[in-house]
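Numbering (the working numbering), first residue to last: 47 to 621. By construction, the Cβ of each residue, glycine as well, lies at the ideal position given by its N, Cα and C atoms. These numbers were taken from a predicted model, which means no experiment stands behind them. A short worksheet on the structure shown next.
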């Protein structure tokens with residue numbers, strides 16, 4: 047006979063099984079009873095300053111779990127209505143960029159809903175429920191969530207005996223589709239006892255079935271013939287569509303095939319920089335080497351997990367022609383549903399790289415030769431060289447987050463050591479995303495976490511710095527302080543007040559957020575010159591990455607990487 051477990055604890059136990067150890071959120075009245083079960087399940091609750099930041103933290107956590115362990119989830123818990131809508135921006139971003147997450151929403155008890163419904167017409171009701179819209183549409187927030195989650199589960203509608211199967215189903219949807227799911231947990235269902243099966247149902251099977259293997263052989267056979275027939279085949283890698291789950295297979299294929307390989311900016315780190323036929327980030331005209339002509343001349347491009355948003359691709363200027371691309375995601379290749387990991391596995395066995403055309407890649411040069419220019423120690427720091435100056439100090443297992451500000455372009459010049467992850471938007475580009483994402487990323491990783499933030503984006507979610515300190519999170523944060531929205535200034539409104547921000551004293555932030563925990567070091571620096579920056583980069587606390595290192599990097603308000611200036615001018619003309 048199966049044992050039984052309180053429903054909330056069962057749900058949390060299953061999260062732990064799927065490699066979740068931290069759950070992010072803000073306590074609310076409809077979640078309090080559920081939170082009582084969280085620690086008992088072996089999970090840790092990380093209370094954030096608001097639900098939006100909690101969502102971003104869960105997003106960052108999920109990205110690292112998938113990177114380091116091939117599979118994993120982020121977890122977010124909020125209260126009904128006001129809490130979940132606050133988090134909606136973050137959840138939608140995870141949907142857009144294929145980040146699996148479980149959003150648990152504590153909802154009113156069934157008794158409360160029944161009492162309110164029985165009190166008369168909604169416009170005359172004297173028993174309205176707080177956090178609602180004051181009308182009978184108690185499911186309206188679920189309807190909103192349906193637009194940016196791949197599956198929804200209301201545990202109020204599930205018989206206790208069916209809870210294990212339904213919970214496993216909804217978690218499997220997040221894993222299978224690499225996108226968020228939505229779970230409603232009524233406050234009066236938290237302690238309902240549900241059976242604990244000796245063997246869990248597996249809706250998500252990591253192993254391919256015989257039929258899936260057969261289909262993969264058919265698709266791989268076609269791809270092999272197309273590769274042999276092509277004159278200028280190449281590989282282009284990003285990180286959407288679940289392809290992170292077989293990142294190592296992709297690297298093995300890049301190495302085995304010898305095909306010229308580039309990554310899109312948000313896919314930086316997906317390919318090991320030590321592979322000789324890897325030629326860096328496809329940045330087009332703003333890159334150290336303009337890769338545009340080489341990509342346009344390719345007649346067959348295996349495109350893994352591409353996010354071809356206008357912002358990422360310089361107004362689509364770097365997007366290859368559709369007819370030359372084979373679009374590869376975890377569960378499909380072009381319009382064919384097939385397990386891409388199985389296809390790659392077969393290609394590794396059956397593709398003969400000697401039959402592939404030899405190509406002249408001289409035009410791609412060697413991005414690894416892009417070095418910081420000679421600079422006097424008292425010279426002022428500039429955008430063009432700042433990111434290059436970081437390169438010698440990066441290490442394997444670092445996690446680097448690029449804010450949706452000047453760092454997301456400058457960061458394209460980073461030369462990454464092996465097994466270094468970059469977190470950068472390729473589709474959503476929400477300002478303020480990366481500071482709370484750094485919280486989640488750091489708690490999911492054992493290496494250094496380095497955030498390159500903008501001053502404007504830091505101000506959007508700055509209060510989560512207090513959560514980083516309170517939870518003794520190891521983080522290195524560079525704030526690019528150029529007195530406002532530099533990109534927007536160059537696009538439109540160069541001298542307009544709406545592109546200004548309040549002049550914060552960023553180094554005073556840790557003190558404002560309270561005394562540091564015992565044994566937790568906080569180091570702050572304001573740097574204007576290359577000599578100032580070198581002192582930070584050569585410091586022991588930067589090398590170890592322990593505690594908090596906060597660096598205020600002063601730059602000119604109109605300074606951007608020089609090659610990017612024309613991009614903003616063109617963006618302004620297109621408005």
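ask   = Short check: CB of residue 66 to CB of residue 119, under 9 Å?
value = Within the chain shown, the letter at position 20 stands for residue 66. Within the chain shown, the letter at position 73 stands for residue 119. For residue 66 and residue 119, yes; Cβs fall inside 9 Å.
key: Where the alpha helix (DSSP H) containing residue 478 begins and where it ends   = In the chain shown, counting from the first residue as 1, residue 478 sits at position 432. Taken as a continuous stretch (DSSP letters only), residue 478 belongs to no alpha helix (DSSP H), as it is neither H nor E.
task = Report the three-state DSSP secondary structure of residue 52 (helix, strand or coil).
result = Translated into the one-based positions of the chain shown, residue 52 becomes position 6. Correct three-state label for residue 52: strand.
ask   = Among 407, 148, 77, which residue has its Cα nearest to the Cα of residue 105?
value = Residue mapping note: residue 105 aligns to position 59 of the chain shown, counting from 1. Per the Cα distances, 148.
query = How long is the line joining the alpha carbons of residue 52 and residue 529, rounded to whole angstroms?
reply = As a first step, residue 52 must be located in the chain shown, where it is residue number 6. As a first step, residue 529 must be located in the chain shown, where it is residue number 483. Those two C-alpha atoms are separated by around 52 Å.
task = Could you check what DSSP says for residue 279 in three-state terms: helix, strand or coil?
result = Taking the chain shown and counting its residues from 1, one reaches residue 279 at position 233. Of the three classes helix, strand and coil, the one that applies to residue 279 here is strand, per DSSP.
request  = Report the three-state DSSP secondary structure of residue 540 (helix, strand or coil).
outcome  = In the chain shown, the residue the question calls residue 540 occupies position 494. Secondary structure at residue 540: coil, using DSSP grouped into helix, strand and coil.
task = Please classify residue 203: is it buried, with 16 or more other beta-carbons within 10 angstroms of its beta-carbon, or exposed?
result = For the purposes of this step, residue 203 is taken as the residue at position 157 of the chain shown. Flag for residue 203 reads exposed.
DSSP three-state assignment for residue 633, whether helix, strand or coil = Here the chain covers residues 47 to 621 and nothing more, so residue 633 does not appear.
inquiry  = I need the boundaries of the alpha helix (DSSP H) containing residue 583, first residue and last residue.
reply    = Working through the chain shown from its first residue, we reach residue 583 at position 537. Note, residue 583: alpha helix (DSSP H), 576–583.
ask   = Straight-line CA distance for residue 566 to residue 481?
value = To locate residue 566, count along the chain shown from 1; it is residue 520. To locate residue 481, count along the chain shown from 1; it is residue 435. When rounded, the distance between both Cα atoms is 19 Å.
task = Measure the C-alpha to C-alpha separation of residue 351 and residue 379 and round it to an integer number of angstroms.
result = For the purposes of this step, residue 351 is taken as the residue at position 305 of the chain shown. For the purposes of this step, residue 379 is taken as the residue at position 333 of the chain shown. Whole-angstrom Cα-Cα distance: 10 Å.
query = Going by C-alpha distance, which of 308, 277, 317, 276 is nearest residue 294?
reply = One-based indexing of the chain shown puts residue 294 at position 248. Answer by Cα proximity: 317.
query = For residue 65, does the three-state DSSP call read helix, strand or coil?
reply = The residue labelled residue 65 in the question sits at position 19 within the chain shown. Coil, per DSSP.
inquiry  = Taking only three categories from DSSP, how would you classify residue 408?
reply    = As a first step, residue 408 must be located in the chain shown, where it is residue number 362. Note: residue 408 maps to helix in three-state DSSP.
message = Taking DSSP's pairing of strands, which residues face residue 121 in a bridge?
response = What you label residue 121 is simply residue 75 of the chain shown in a count that begins at 1. Partner(s): 148.
query = How would you call residue 545, buried or exposed, if buried means at least 16 neighbouring beta carbons within 10 angstroms?
reply = The sequence position of residue 545 within the chain shown is 499, counting from 1. Answer is buried; the Cβ neighbour count reaches 16.
request  = Inspect the CB distances between the segment 259–276 and the segment 180–190 and report whether three or more fall short of 8 Å.
outcome  = no
Beta-bridge pairing of residue 311 - partner residues as DSSP gives them = Residue numbering aside, residue 311 sits at position 265 when the chain shown is read from its first letter. In the DSSP output, where bridge partners are listed per residue, residue 311 has none listed.
inquiry  = Taking 9 Å as the threshold (beta carbon to beta carbon), is residue 547 in contact with chain B?
reply    = Absent from the structure is chain B; it holds one protein chain and no more.
task = Measure the Cβ-Cβ separation of residue 345 and residue 399 and say whether it is below 9 Å.
result = The count along the chain shown starts at 1 and reaches residue 345 at position 299. The count along the chain shown starts at 1 and reaches residue 399 at position 353. No, these two residues do not count as a Cβ contact at 9 Å.
Three-state secondary structure assigned by DSSP to residue 292 = Stepping through the chain shown from its first residue, residue 292 is reached at position 246. In this structure, residue 292 counts as helix in the three-state DSSP scheme.
Environment of residue 604 [buried if 16+ CB atoms lie within 10 Å] = Position 558 of the chain shown, counted from the first residue, corresponds to residue 604. Under this definition residue 604 is an exposed residue.
query = In three-state DSSP terms, what is residue 161?
reply = If you number the chain shown from 1, residue 161 lands on position 115. Note: residue 161 maps to helix in three-state DSSP.
task = Take residue 582 and list the residues in its own chain whose beta-carbon comes closer than 8 Å to its own, dropping the five residues that flank it on each side.
result = For the purposes of this step, residue 582 is identified with residue 536 of the chain shown, where counting begins at 1. Excluding sequence neighbours, residue 582 sits near 571, 573, 588, 595, 597.
ask   = Using a Cβ-Cβ cut-off of 8 Å (strictly less than) and excluding sequence neighbours within five positions of residue 620, which residues of its own chain qualify?
value = Reading the chain shown from its first residue, position 574 is the one you call residue 620. Result list for residue 620: 361, in chain order.
request  = Can you say whether residue 484 is buried or exposed, counting buried as having 16 or more other CB atoms within 10 angstroms of its CB?
outcome  = Within the chain shown, residue 484 is the residue found at index 438, counting from 1. Label assigned to residue 484: buried.
task = Please name the residue or residues paired with residue 457 in a DSSP beta bridge.
result = For the purposes of this step, residue 457 is taken as the residue at position 411 of the chain shown. The partner list for residue 457 (beta bridge, DSSP) is empty, contrary to what the question assumes.
query = Can you find a heavy atom of the ligand SAH that lies under 8 Å from the Cβ of residue 106?
reply = Absence of the ligand SAH from the depicted structure is noted, as is the absence of any ligand whatsoever, leaving it without description.
message = Distance check for residue 177 and residue 577, CA to CA, integer angstroms please.
response = As a working note, residue 577 is residue 531 in the chain shown. As a working note, residue 177 is residue 131 in the chain shown. When rounded, the distance between both Cα atoms is 54 Å.
ask   = Is there contact here, the segment 494–512 with the segment 526–540, by at least three beta-carbon pairs under 8 Å?
value = The segment 494–512, when compared against the segment 526–540, does touch it at the 8 Å Cβ threshold.
query = Which residue or residues does DSSP assign as beta-bridge partners of residue 523?
reply = Counted from its first residue, the chain shown places residue 523 at position 477. BP columns for residue 523 point to 497, 596.
request  = Just mark residue 192 as buried or exposed, buried being the case when its beta carbon has 16 or more other beta carbons within 10 Å.
outcome  = Taking the first residue of the chain shown as position 1, residue 192 is located at position 146. By the neighbour-count rule (16 or more Cβ atoms within 10 Å), residue 192 is not buried but exposed.
task = State buried or exposed for residue 179, treating a residue as buried only when at least 16 other CB atoms are found within 10 Å of its CB.
result = Position 133 of the chain shown, counting from 1, holds the residue named residue 179. With fewer than 16 other Cβ atoms within 10 Å, it is exposed.
ask   = Which whole-angstrom value describes the C-beta separation of residue 556 and residue 515, a residue pair presumed to lie in contact below a C-beta threshold of 8 Å?
value = Within the chain shown, residue 556 is the residue found at index 510, counting from 1. Within the chain shown, residue 515 is the residue found at index 469, counting from 1. Their Cβ separation, rounded to whole angstroms, is 6 Å, which keeps residue 556 and residue 515 in contact under 8 Å.
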